[in-house]
Amino acid sequence: MHQHTQPLQWRPRAVGENVAQQAGVRPPLIAPQPEQDRRLVRTRDNLAAGDLDDLVEIREGDALKTLRADLPDTIDLVLLDGAKALYPDILDLVENRLKPGAFVVADNADYSPDYLARVRSPANGYLSVPFGEDVELSMRLG
Ligand SMILES: C[S@@+](CC[C@H](N)C(=O)[O-])C[C@H]1O[C@@H](n2cnc3c(N)ncnc32)[C@H](O)[C@@H]1O
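Dropping the structure here:
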């Protein structure tokens, strides 16, 4: 049992650091709702267990507020998996940081028809395809 513990703890960190360094990636942002305390504690515990906590910045609270300021200059990947109705508003906050080739992954995107219409309209600067069950993968074109 112990033999498995150490590699599982440090391997993700090594991979994360490698990828981050090679790609010049900034720490991912996680923006949970404040009432999700249990989830937040578990997230912190899991990141600490994987020795990944210094690679992730957690912004606690309403993403509509916490993502309003101090974003990195460029964003390579956005995962949308919060309130589906807010997908367009969250995209508004990060869109001007998406560099060409950046990906936006939206889970259960079918529940956000406005979002789907936006990313699927070529005039809005995305190449977008559905995949799996109800996931929309969109690449920023420029
Ligand atoms: C479907 S869960 C997914 C959580 C996580 N991605 C996972 O797989 O465990 C949606 C989460 O989004 C959070 N959420 C909803 N609206 C939010 C907002 N405006 N700001 C931050 N988090 C929000 C909810 O509190 C909930 O924890």
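Sequential numbering of the sequence shown, starting at 306, is according to our numbering. For every residue, glycine included, the Cβ atom is placed at its ideal position computed from N, Cα and C. The model shown is predicted, which means the values in this text are computed figures rather than measured ones.
Bridge pairing for P435: E441 [DSSP]. Annotated three-state conformation of A374 is coil, per DSSP. Residues N413, Y416 and S417 of the same chain have their beta carbon placed closer than 7 Å to that of K389, with the five preceding and five following residues left out of the count.
When the beta-carbon positions are compared, V361 and L384 stay at least 8 Å from each other. One Cα belongs to S426, the other to R445, and the distance between them is close to 12 Å. Not one heavy atom of ligand 1 falls within 7 Å of the beta-carbon of R445.
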